[in-house]
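Peer 1: Have a look at this one before I ask anything.
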Amino acid sequence: MTMRRSKGVIAGIGELRPVRRTEGVTTLELIAEVSRRAAMDAGLEPGQIDGLLVGPQVGETPQHVPATVAEYLGLQPAMANVVDLGGASGPGMVWRAAAAIEAGMCEAVLCVLANTRDETPARSPNRNPIREFDVPFGASGANISYALLMQAHMAAYGSTPEDFARIAAAERANALKNPDAIFHDRPATIDDILSSPMVASPLHLLEIVMPVAGGDAVIVVSAERARSLPRNSVHLLGAGEKVTHRAVSQAPSLTSGPLKAAMSRALSQSGTTADEMSLLSLYDCYTIMVATTLEDSGLCGPGEFGAWLRQHDLSHAGDFPLNTHGGQLGFGQPDLAGGMTHVVEAVRQLRGDAHGRQIANARLALVTGNGATMSEATALVLGAG
Amino acid sequence: MDIADLKVPAPTMTALTTPFWNAAQQGRLTIQRCEACGKAIFYPRGVCPHCWGTALQWEDASGRGLLKSFSVVHRPGHPGWLPIAPYTVGLVELAEGPTMLSFILRDPGDEIAVGAAMQLAPTLIGGRILPAFRQQTTFHERTGK
Ligand SMILES: [Zn+2]
Numbered sequence: 036m037t038m039r040r041s042k043g044v045i046a047g048i049g050e051l052r053p054v055r056r057t058e059g060v061t062t063l064e065l066i067a068e069v070s071r072r073a074a075m076d077a078g079l080e081p082g083q084i085d086g087l088l089v090g091p092q093v094g095e096t097p098q099h100v101p102a103t104v105a106e107y108l109g110l111q112p113a114m115a116n117v118v119d120l121g122g123a124s125g126p127g128m129v130w131r132a133a134a135a136i137e138a139g140m141c142e143a144v145l146c147v148l149a150n151t152r153d154e155t156p157a158r159s160p161n162r163n164p165i166r167e168f169d170v171p172f173g174a175s176g177a178n179i180s181y182a183l184l185m186q187a188h189m190a191a192y193g194s195t196p197e198d199f200a201r202i203a204a205a206e207r208a209n210a211l212k213n214p215d216a217i218f219h220d221r222p223a224t225i226d227d228i229l230s231s232p233m234v235a236s237p238l239h240l241l242e243i244v245m246p247v248a249g250g251d252a253v254i255v256v257s258a259e260r261a262r263s264l265p266r267n268s269v270h271l272l273g274a275g276e277k278v279t280h281r282a283v284s285q286a287p288s289l290t291s292g293p294l295k296a297a298m299s300r301a302l303s304q305s306g307t308t309a310d311e312m313s314l315l316s317l318y319d320c321y322t323i324m325v326a327t328t329l330e331d332s333g334l335c336g337p338g339e340f341g342a343w344l345r346q347h348d349l350s351h352a353g354d355f356p357l358n359t360h361g362g363q364l365g366f367g368q369p370d371l372a373g374g375m376t377h378v379v380e381a382v383r384q385l386r387g388d389a390h391g392r393q394i395a396n397a398r399l400a401l402v403t404g405n406g407a408t409m410s411e412a413t414a415l416v417l418g419a420g
Numbered sequence: 477m478d479i480a481d482l483k484v485p486a487p488t489m490t491a492l493t494t495p496f497w498n499a500a501q502q503g504r505l506t507i508q509r510c511e512a513c514g515k516a517i518f519y520p521r522g523v524c525p526h527c528w529g530t531a532l533q534w535e536d537a538s539g540r541g542l543l544k545s546f547s548v549v550h551r552p553g554h555p556g557w558l559p560i561a562p563y564t565v566g567l568v569e570l571a572e573g574p575t576m577l578s579f580i581l582r583d584p585g586d587e588i589a590v591g592a593a594m595q596l597a598p599t600l601i602g603g604r605i606l607p608a609f610r611q612q613t614t615f616h617e618r619t620g621k
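Keeping their order, the protein sequence lines are chains A and B. One point on numbering: in our numbering, the residue at position 216 of the first sequence is 251, and numbering is uninterrupted. One point on numbering: in our numbering, the residue at position 122 of the second sequence is 598, and numbering is uninterrupted.
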């Protein structure tokens with residue numbers, strides 16, 4: 036039997052309930068609140084946190100983000116950095132934190148992402164190739180990029196709008212079990228999803244995450260340090276990462292993404308296989324992202340996600356629980372923290388803390404993060420202590 | 477509103493990409509070719525992404541390509557495009573190799589599908605000529621309907 040070695044421990048989690056609007060609140064205030072929750076959950080004093088990983092802050096703090104956050108929180112970290120991988124930033128922080136601890140740089144790393152949401156969201160004044168060669172042709176924003184990926188999948192494999200809608204419907208059903216989810220009281224059927232407005236064909240409105248304000252944080256410590264803490268430990272057993280492009284026109288493939296390599300590495304490091312997972316906590320900015328991730332994971336073959344979905348139950352009581360917090364399609368997408376919601380839910384499940392939606396005997400979780408246009412990918416395998 | 481009069485974001489051209497946009501104003505699509513490895517490159521760069529060669533020569537592309545994917549945009553990401561929505565954008569794999577995102581011109585009733593043969597169709601969009609594309613033959617021509 037393969038020994039599953041712990042690369043680090045997630046000792047605490049924090050999450051803010053998502054909201055549609057924040058009025059007069061700063062990102063730093065939200066970071067402080069979600070960090071406080073994670074430290075309390077871990078049973079750590081602020082002075083015991085000596086590592087800090089944060090995300091970029093468009094429109095608020097373009098540079099010196101770690102120092103700005105550290106100063107606000109009264110931390111003096113021995114390791115500080117920005118992780119800028121879009122929706123993969125959260126999972127990307129977790130293995131970086133473990134690696135920094137392993138390298139002897141620090142002992143307890145706060146990984147935190149939060150965002151406000153005003154009437155007019157801040158826009159970054161980009162001057163880069165995607166701004167120069169996509170935007171002038173009418174292709175601004177992620178919706179169109181993922182619509183192009185979805186159309187390519189349908190053309191290559193004959194996947195149908197109903198196949199994709201089934202993903203959103205399953206996640207919206209899961210969100211009904213999460214009182215914090217933005218759609219916790221609003222179910223959506225396959226028909227509802229298919230009859231929602233077309234945003235960019237073949238992508239319907241309800242196949243796209245709802246942007247919200249919120250925040251998520253985790254604290255990573257060494258396995259040794261974790262032994263003195265009150266909570267059940269959740270271990271990082273494997274990680275993988277891959278970045279292949281930025282603009283969708285430059286993608287090496289439209290029907291398979293960098294998560295394929297990232298998941299393969301994470302599974303191989305942990306000595307596990309995808310079908311052993313108690314929970315699939317898969318990044319889901321759009322339905323197409325889940326479809327491609329299922330195929331890239333090897334759970335089904337290329338083009339087979341639709342048939343696979345019809346054969347499995349994705350609820351917490353099912354044979355392949357998927358995004359039991361509702362995913363971002365059901366929970367809402369608090370910007371970059373959206374990727375961290377998949378980590379936080381996996382920790383809840385593996386600790387047995389997912390009240391009302393607990394997976395029986397949850398032992399292993401596959402967590403994925405995805406950024407830009409199926410460009411930036413991080414995968415983690417987490418295990419119960 | 478006519479597509480020529482849209483108030484949409486202009487290309488953010490740089491010293492290196494100015495030859496591309498100047499050629500576009502003359503209705504040409506130019507790409508770079510790497511002298512070291514022979515591969516064609518789009519978008520224009522300072523270094524070949526295949527071999528990091530720096531001797532890159534401009535050439536006129538054939539203007540032919542295949543449609544790898546497309547989307548009919550009903551809710552544009554930038555409000556400047558609203559007056560002509562829904563409109564079509566697509567990924568065109570140029571005959572020379574690289575892929576570019578472009579605006580796809582379509583006549584009323586012009587069906588479109590992934591794999592369609594595409595042809596460069598320089599078009600005045602928002603006050604500047606852009607290298608847009610259209611199908612090599614329209615649906616009407618193919619079917620005789
Ligand atoms: Zn070259």
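For every residue, glycine included, the Cβ atom is placed at its ideal position computed from N, Cα and C. Predicted, not measured: the structure shown is a model, and the values here were computed from it.
Kindly indicate which three-state DSSP category Trp528/B falls into: helix, strand or coil?
Peer 2: Three-state DSSP puts Trp528/B in coil, outside helix and strand.
Peer 1: Among the residues of its own chain, which have a CB less than 8 Å from the CB of Glu80/A, if the five just before and after it don't count?
Peer 2: Cβ neighbours of Glu80/A beyond the five flanking positions: Ala74.
Peer 1: Can you pull the DSSP bridge partners for Ala252/A?
Peer 2: Per DSSP, Gly49/A, Val147/A.
Peer 1: With ligand 1 as the reference, list in chain order each residue whose Cβ lies under 5 Å from any of its heavy atoms.
Peer 2: Matched residues: Cys510/B, Ala512/B, Cys513/B, Cys524/B, His526/B, Cys527/B, Gly529/B.
Peer 1: Around the C-beta of Ala465/A, are 16 or more other C-beta atoms found within 10 angstroms, so that it is buried, or is it exposed?
Peer 2: Look at the range of chain A in this structure, 36 to 420, and you will see that residue 465/A is not part of it.
Peer 1: Could you tell me if Thr155/A is buried or exposed, where buried requires 16 or more neighbouring beta carbons within 10 angstroms of its beta carbon?
Peer 2: With fewer than 16 Cβ atoms within 10 Å of its Cβ, Thr155/A is classed as exposed.
Peer 1: Label Ser194/A either buried or exposed according to how many other C-beta atoms from any shown protein chain fall within 10 Å of its C-beta, with 16 as the threshold for buried.
Peer 2: Buried, since its Cβ has 16 or more Cβ neighbours within 10 Å.
Peer 1: With DSSP as the reference, identify every bridge partner of Tyr519/B, one or two as the case may be.
Peer 2: For Tyr519/B, which the question treats as bridged, DSSP gives no partner whatsoever.
Peer 1: Identify, in the order they occur along the chain, each residue of the same chain with its Cβ nearer than 7 Å to the Cβ of Glu311/A, setting aside the five sequence neighbours on each side.
Peer 2: Same-chain partners within the cutoff: Leu399.
Peer 1: I'd like the ranges of any beta strand (DSSP E) spanning at least 3 consecutive residues and lying wholly in the segment 267-296 of chain A.
Peer 2: Within the segment 267-296 of chain A, the complete beta strand (DSSP E) runs of at least 3 residues are 269-278.
Peer 1: So what does Val566/B bridge to, in DSSP terms?
Peer 2: According to the sequence as given, residue 566/B is Gly; it is not Val. DSSP lists Phe546/B, Ser578/B as partners of Gly566/B.
Peer 1: Nearest to Ala190/A by alpha carbon, out of Ile560/B, Met594/B, Asp481/B, Leu543/B?
Peer 2: Checking every option, the nearest Cα to that of Ala190/A belongs to Leu543/B.
Peer 1: In its own chain, which residues sit with a C-beta less than 6 Å from the C-beta of Ala419/A, not counting the 5 before and 5 after it?
Peer 2: Here the set comprises Leu385, Arg398.
Peer 1: Apply the 10 Å Cβ neighbour rule to Lys295/A and answer buried if 16 or more other Cβ atoms are within range, or exposed otherwise.
Peer 2: So Lys295/A ends up on the buried side.
Peer 1: Determine whether the Cβ of Met233/A lies closer than 8 Å to any Cβ atom of chain B.
Peer 2: Output row for Met233/A: interface = yes.
Peer 1: Ile225/A by DSSP, collapsed to three states: which one?
Peer 2: Helix at Ile225/A.
Peer 1: Is there a C-beta anywhere in chain A that falls below 8 Å from the one on Arg504/B?
Peer 2: Chain A, which has no Cβ nearer than 8 Å to the Cβ of Arg504/B, makes this no.
Peer 1: Give me the chain B residues within the contact set of Ile179/A, using Cβ-Cβ distance strictly less than 7 Å, ordered along the chain.
Peer 2: Within 7 Å Cβ-Cβ: Ser547, Val549, Gly553, Val565.
Peer 1: Determine, using beta carbons only, whether Asp215/A comes closer than 8 Å to chain B.
Peer 2: Taking Cβ atoms only, chain B never reaches closer than 8 Å to Asp215/A, which makes this a no.
Peer 1: Below 7 Å between beta carbons is the criterion; list the residues of the segment 163-176 of chain A that meet it against any residue of chain B, in chain order.
Peer 2: For the segment 163-176 of chain A, which is checked against every Cβ of chain B, the residues closer than 7 Å are Pro164, Arg166, Glu167, Phe168, Asp169, Val170, Pro171, Phe172, Gly173, Ala174, Ser175, Gly176.
Peer 1: For a cutoff of 8 Å on Cβ pairs, would you count Val244/A as touching chain B?
Peer 2: False, the Cβ-Cβ gap to chain B never drops below 8 Å.
Peer 1: Would you mind sorting Pro97/A into buried or exposed? The rule is 16 or more other CB atoms within 10 Å of its CB.
Peer 2: The residue is exposed, with fewer than 16 neighbouring Cβ atoms inside 10 Å.
Peer 1: With contact counted as at least three CB pairs below 8 Å, one residue from each stretch, are the segment 267-275 of chain A and the segment 82-95 of chain A in contact?
Peer 2: Short answer: they don't touch.
Peer 1: Between the segment 486-511 of chain B and chain A, which residues of the former have a C-beta closer than 7 Å to a C-beta of the latter?
Peer 2: Listed by position along the chain: Ala486, Pro487, Thr488, Met489, Thr493.
Peer 1: Find the residues of chain A that neighbour Lys544/B, judging by a C-beta separation of less than 7 Å, and give them in chain order.
Peer 2: Going along chain A in sequence order, the residues near Lys544/B (Cβ under 7 Å) are Ala187, Leu289.
Peer 1: Any Cβ of chain A within less than 8 Å of the Cβ of Asp606/B?
Peer 2: Note on residue identity: the sequence assigns Leu, not Asp, to residue 606/B. It does: the Cβ of Leu606/B has a partner Cβ on chain A nearer than 8 Å.
Peer 1: I'd like the list of long-range same chain contacts for His351/A, defined as Cβ closer than 6 Å, with 5 residues on each side in sequence excluded.
Peer 2: Closer than 6 Å at the Cβ level, and outside the excluded window around His351/A, lie Thr359, Arg392, Ile394.
Peer 1: Against chain B, with Cβ distances strictly below 8 Å, would Leu183/A count as a contact?
Peer 2: Yes, because at least one Cβ of chain B sits closer than 8 Å to the Cβ of Leu183/A.
Peer 1: Return the residues of the segment 265-294 of chain A that lie within a Cβ-Cβ distance of less than 9 Å from chain D, sorted by chain order.
Peer 2: Of the protein chains in this structure, namely A and B, none is chain D.
Peer 1: Is Ile48/A closer than 8 Å to Val402/A when the C-beta atoms are compared?
Peer 2: Not in contact: Val402/A and Ile48/A (Cβ atoms no closer than 8 Å).
Peer 1: Could you check if Leu558/B is buried or exposed, using at least 16 other CB atoms within 10 Å of its CB as the buried criterion?
Peer 2: Exposed is the call here.
Peer 1: In the structure shown, what three-state DSSP assignment does Gly418/A receive?
Peer 2: Gly418/A falls in the strand class under three-state DSSP.
Peer 1: Nearest-angstrom Cα distance between Gly139/A and Pro112/A?
Peer 2: Approximately 13 Å, taken between the alpha carbons.
Peer 1: I need the straight-line Cα distance from Gly249/A to Ser545/B, nearest angstrom please.
Peer 2: So the two alpha carbons sit approximately 34 Å from each other.
Peer 1: Could you tell me whether the segment 250-259 of chain A touches the segment 103-112 of chain A, where touching means 3 or more Cβ pairs closer than 8 Å?
Peer 2: Cβ pair count under 8 Å is below three, so no.
Peer 1: Given a limit of 8 Å on CB to CB distance, which residues of the segment 578-599 of chain B reach chain A?
Peer 2: From the segment 578-599 of chain B, only Ser578, Phe579, Ala589, Val590, Gly591 have a Cβ closer than 8 Å to chain A.
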